Every structure is written in structure tokens, then in C-alpha cells.
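**Student:**
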Amino acid sequence: MPPGYDPTGAYRLSSRQTRNAFARRLCANNKIDFARGLFDCHSMTATRPPAACLIGWPAAHSRSPLIHHYWLRKLGIAGGYVIEAVPPDELQDFVFRLAPRGFVGANVTIPHKERVLKLSRPDARAQAVGAANTLWFADGELCSTNTDVEGFLNNLDACAPGWDRAEEVLVLGAGGAARAVVFGLLERGIKRVHLANRTRARADTLADQFGDKVFPVAWEAFGDLLPRAKLLVNTTSLGMHGQNPLDLDVGRLPDDAVVSDLVYVPLETPLLSAAKARGLKTADGLGMLLHQAVRGFELWFGQRPQVTAELRALVQADLTGA
Ligand code: NAP
């Protein structure tokens, strides 16, 4: 049994089998040795170095431990990152006792992202998006933010510098991810954000919330806007494995348009393939996923990590089961 493992611990994954399976997967490509992977995925004790966790229910597989363990090792920081299965009726107690449990902060995922707003002090991004995915302590106070906003923006900056000169942007989808995207676009000064969603009422609600620079469009009519869209963002789940592809003719976009797709399974969606084939710049969902993790790590462990080609390859291999 690895040192520091507390078999009775309050810090748990859904089951020991889940932990072990996860640790084995981490080690599958010799990226992390098995003992260390197992140790890192197990429960923590308060005497261990600073650790963060991912709070969700159920404890779904996540790439976050892979990403944060990579950065911890790369930067030589003694720390940990574990997955915590926390049912809804235990969320408040868990969040209020994060520090006594030895955690310096946490990521939050489904179904808790909205509820943690009331259990913490949300920043402007978390408030505007209506959901938080990152918790940390500032002067002893539990704060929350939504790092999808900067994940989206920083990924675009890395893949298509100058993208924010676009005057008009077309966003497809009006779910949780779209809220972060629209907020980020407005924060960057984009003047017109056209928003098309299958369920029109959701686009109208989002537009009402974000003000007069956001224009809801009927889903059936978004094709008419393609010639004006210098940036196209897909925030729907269309194009994901098991879903229909997005029915869209990239040939109608301007020659210098940028195409961003938040879907990252598969890594190259049919939309991104078509955009690349036309010679357009693209920003994929994996890039956003990696960039959104940067801020949490920095808030918890005090150093700003880099999104490197090596990290991307590591997570890509995990995603494709290579
Ligand atoms: P969500 O809140 O459930 O919203 C899903 C969106 O997809 C809604 O706008 C929905 O339209 C639309 N949609 C679903 N099926 C559709 C169909 N058959 N035709 C047209 N529209 C359809 O989900 P979310 O959290 O916003 O996530 C959306 C996608 O972004 C997912 O693929 C997720 O994995 C990805 N994502 C990626 C990152 C990243 O870091 N790369 C971060 C967050 C999310 P209706 O309103 O009409 O249902």
C-alpha cells in the first residue's frame, strides 16, 4: 500500500477498482509509473503536500488528473490531484471542509457547477456564466471562477493570433459552454455576436442576459450569416462521437475566417477537417481543455504552467486510447 494512503479516508473515488483502473491507464504509456499513479489517485491525508481535487457525481473519468500531475512533475512541485465522488446532498459539507481535508482548491464538474456559486465568492466570470469550475482560497475565503472563458480565449490566441479583430462572430449553441464563449467574446470587445441554437428560446435568453451585442438567430437561418463570420464557434455537441456532424458549408465562410470547435472527442471533428481542407485557421476543443486548466493550477500551486506539445500529446494519447 502506498505511503500516505488512508483506507478509511473521507477522500475517495467511487471505488478502489475505479482508482486502480485509472492509475493503470495513467501508466499505460509509461507516462506515470504505476506506484506513483496509484498513490496520486488515492485519498489524501492532511499531512501530505498541497492537493487539489475534482468534485463531481458520479466520479466520471476525467483528463484533469493527467494534466495536473504532468505539470506537478514538470515543475517539480510536491502536490497532488485526486478525483472526489461527492453526491449532491454532501456537496455543501464537502466544500465547507475543503481546507481541513487538506485541499488547497478544487475543480468542480457536473452536476455541481451551478450550486458551488452559492457556496463561494464567485468572480465576474463565474457570475456571468452562471457556473463555476474552479475553487481556491484567497485570504482564507473560498473563491470561485469559470476557467472555460480563458481556456477558450487563450486557445484562440495560441492558434489564431489576431482572431479578435473579427467584427462579427457566429456562435452555434446556447448551453453552458456557449455562455462562457459569449462572455469571453464580449470581454475581448467583439462588436456583434450572432447566436444560433436549435431551441430558439435558449438563444433568446442568453442574448437577453448578455445585452445588445448578442443577436439571436433562427437555427435554420445561420447559413446566411456564414459569409460575414470572421470567427465561427461550435459549442453544440454536434460532431461528437455518436452524434451527427454539424451540417454546415465552410465554403461560405470568408477566406480569412477562423473556425473553433469545442468538441474534443474526436479531436478533429468533421467541421475542423473541412475548415483545414479549405485552408482556414482552426482551434480545437483539446486546446481549450488544456488552456482552461492553467489558471486552477496557478491558483493552487503558485506557478503558471505551460500548455506544451508534450502535454497535448499525452492527453491526446489518453483520449484516443493509444
Ligand atoms: P449543454 O449545456 O448540454 O448544451 C448543448 C448544446 O448543444 C445546446 O445548445 C443544444 O441545443 C446543442 N445540441 C445538442 N444536440 C443538438 C442537435 N442534435 N442539433 C443541434 N444542436 C444540438 O452542453 P455544454 O456544456 O454547453 O457542452 C457543449 C459541448 O461543448 C460538448 O460537446 C462539450 O463536450 C463541449 N465542451 C468542451 C469544453 C472544452 O474545454 N473543450 C468545455 C465545455 C464544453 P438545445 O439547446 O436545442 O438542446
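Mapping the sequence shown onto my numbering, position 4 (from 1) lands on 265, and the numbers just tick up by one. Think of the CB as a built atom: it goes at the ideal place given N, C-alpha and C, for glycine as much as any other residue. Computed from a prediction, not measured in an experiment: that's the story for all the values here.
1) Touch check for the region 469–487 and the region 376–383: three-plus C-beta pairs under 8 Å?
2) Is it buried or exposed for glutamate 428, if we count other Cβ within 10 angstroms and need 16 for buried?
3) With a threshold of 8 Å, are at least 3 pairs of Cβ atoms found where one atom belongs to the region 485–494 and the other to the region 511–525?
4) Would you say the beta carbon of serine 498 is closer than 7 Å to some non-hydrogen atom of ligand 1?
5) So if DSSP puts asparagine 407 in a beta bridge, which residue, or which two residues, is it bridged to?
6) Looking at C-beta atoms only, is the number of pairs between the region 415–433 and the region 344–359 that lie closer than 8 Å three or more?
7) Given 7 Å as the limit, tell me if leucine 550 has its C-beta closer than that to any heavy atom belonging to ligand 1.
8) Whose C-beta lies closer than 6 Å to the C-beta of valine 520 among residues of the same chain, with five residues either side of it excluded?
9) If distances are taken between C-alpha atoms only, which option among Glu351, Lys452 and Asp508 comes closest to proline 372?
10) Does the distance from the CB of aspartate 517 to the CB of lysine 491 come in under 8 Å?
11) Can leucine 523 be considered in contact with ligand 1, in the sense that its beta carbon sits closer than 7 Å to one or more heavy atoms?
12) Please report the straight-line C-alpha distance between arginine 362 and isoleucine 338, rounded to a whole angstrom.
13) Would you report the Cα separation of alanine 462 and leucine 509, rounded to the nearest angstrom?
14) For alanine 538 versus histidine 329, is the C-beta distance shorter than 8 Å?
15) Any idea what DSSP makes of glycine 337, helix, strand or coil?
16) Is any heavy atom of ligand 1 found at a distance shorter than 7 Å from the C-beta of threonine 581?
17) Taking the alpha helix (DSSP H) that alanine 467 belongs to, which residues open and close that run?
18) Just verifying my parser: in three-state terms, what is the DSSP assignment at leucine 532?
19) DSSP three-state call for leucine 575: helix, strand or coil?
20) Three-state secondary structure (DSSP) at isoleucine 293?
21) The alpha helix (DSSP H) that contains arginine 453, what's its start and end?
22) If we count the other Cβ atoms within 10 Å of its Cβ and call it buried at 16 or more, is threonine 581 buried or exposed?
23) Please determine, among Leu550, Thr530, Ala321 and Arg565, the residue with the shortest C-alpha to C-alpha distance to arginine 556.
24) Can you give me the Cβ contacts of tryptophan 332 inside the same chain, cut-off strictly under 6 Å, excluding the 5 residues immediately before and after it?
25) When burial is assigned at 16 or more other CB atoms within 10 Å of the CB, is methionine 549 buried or exposed?
26) How many whole angstroms separate the CB atoms of leucine 507 and leucine 532, which I take to be in contact at a CB cut-off of 8 Å?
27) Given a cut-off of 8 Å on the beta-carbon distance, is the pair threonine 496 and leucine 433 in contact?
28) Taking the alpha-carbon positions, what's the lysine 335 to threonine 408 distance?
29) Using 8 Å as the threshold, is the C-beta distance between leucine 395 and leucine 560 below it?
30) Can you give the Cα-Cα distance for valine 365 and threonine 406, rounded to whole angstroms?
**Tutor:** According to the structure data:
1) no
2) For the purposes of this step, residue 428 is taken as residue 167 along the sequence shown, with counting starting at 1. With fewer than 16 other Cβ atoms within 10 Å, it is exposed.
3) yes
4) In the sequence shown, the residue the question calls residue 498 occupies position 237. The answer is yes for serine 498.
5) Within the sequence shown, residue 407 is the residue found at index 146, counting from 1. The partner list for asparagine 407 (beta bridge, DSSP) is empty, contrary to what the question assumes.
6) no
7) The residue given as residue 550 occupies position 289 in the sequence shown. Within the cutoff, so yes.
8) Here residue 520 refers to the residue found at position 259 of the sequence shown. Hits under 6 Å: Leu493, Ala536, Leu541 and Thr543.
9) What you label residue 372 is simply residue 111 of the sequence shown in a count that begins at 1. Residue Glu351 is the option with its Cα nearest to proline 372.
10) Within the sequence shown, the letter at position 256 stands for residue 517. Within the sequence shown, the letter at position 230 stands for residue 491. Cβ distance < 8 Å, so aspartate 517 and lysine 491 count as in contact.
11) By one-based count along the sequence shown, residue 523 stands at place 262. Yes - ligand 1 has a heavy atom lying nearer than 7 Å to the Cβ of leucine 523.
12) For this step, residue 362 is matched to residue 101 along the sequence shown. For this step, residue 338 is matched to residue 77 along the sequence shown. Distance between the alpha carbons of arginine 362 and isoleucine 338: 20 Å.
13) As a working note, residue 462 is residue 201 in the sequence shown. As a working note, residue 509 is residue 248 in the sequence shown. If I take the Cα positions, the gap works out to 22 Å.
14) The count along the sequence shown starts at 1 and reaches residue 538 at position 277. The count along the sequence shown starts at 1 and reaches residue 329 at position 68. No, the pair does not count as a contact, with Cβ atoms beyond the cut-off.
15) Residue numbering aside, residue 337 sits at position 76 when the sequence shown is read from its first letter. DSSP places glycine 337 in coil when its eight states are reduced to three.
16) Residue 581 sits at position 320 when you count from the first residue of the sequence shown. Flag unset: Cβ of threonine 581 not near ligand 1.
17) Locating residue 467 in the sequence shown gives position 206, where the first residue counts as 1. Checking the sequence shown, residue 467 turns out to be leucine, not alanine. Per DSSP, leucine 467 belongs to the alpha helix (DSSP H) from 461–471.
18) Residue numbering aside, residue 532 sits at position 271 when the sequence shown is read from its first letter. Three-state DSSP puts leucine 532 in a helix.
19) Position 314 of the sequence shown, counted from the first residue, corresponds to residue 575. The answer is helix: DSSP assigns leucine 575 an H, G or I state.
20) To locate residue 293, count along the sequence shown from 1; it is residue 32. Residue confidence for isoleucine 293 is low, a pLDDT of 33 falling below 50, so the modelled location carries little weight and cannot support an answer.
21) Walking along the sequence shown from the start, residue 453 turns up at place 192. Careful: arginine 453 lies outside any alpha helix (DSSP H), inside the beta strand (DSSP E) at 453–458.
22) The sequence position of residue 581 within the sequence shown is 320, counting from 1. Burial call: exposed.
23) Within the sequence shown, numbered from 1, the residue matching residue 556 stands at position 295. Closest option to arginine 556, Cα to Cα, is Arg565.
24) By one-based count along the sequence shown, residue 332 stands at place 71. The answer, listed in chain order, is Phe558 and Pro566.
25) The count along the sequence shown starts at 1 and reaches residue 549 at position 288. Buried, since its Cβ has 16 or more Cβ neighbours within 10 Å.
26) For the purposes of this step, residue 507 is taken as residue 246 along the sequence shown, with counting starting at 1. For the purposes of this step, residue 532 is taken as residue 271 along the sequence shown, with counting starting at 1. Right, their Cβ atoms sit about 5 Å apart.
27) If you number the sequence shown from 1, residue 496 lands on position 235. If you number the sequence shown from 1, residue 433 lands on position 172. Yes, the Cβ-Cβ distance between threonine 496 and leucine 433 is below 8 Å.
28) If you number the sequence shown from 1, residue 335 lands on position 74. If you number the sequence shown from 1, residue 408 lands on position 147. So the two alpha carbons sit approximately 22 Å from each other.
29) For the purposes of this step, residue 395 is identified with residue 134 of the sequence shown, where counting begins at 1. For the purposes of this step, residue 560 is identified with residue 299 of the sequence shown, where counting begins at 1. What sits at residue 395 in the sequence shown is threonine, not leucine. Contact: yes.
30) Taking the sequence shown and counting its residues from 1, one reaches residue 365 at position 104. Taking the sequence shown and counting its residues from 1, one reaches residue 406 at position 145. Roughly 15 Å separates the two Cα atoms.
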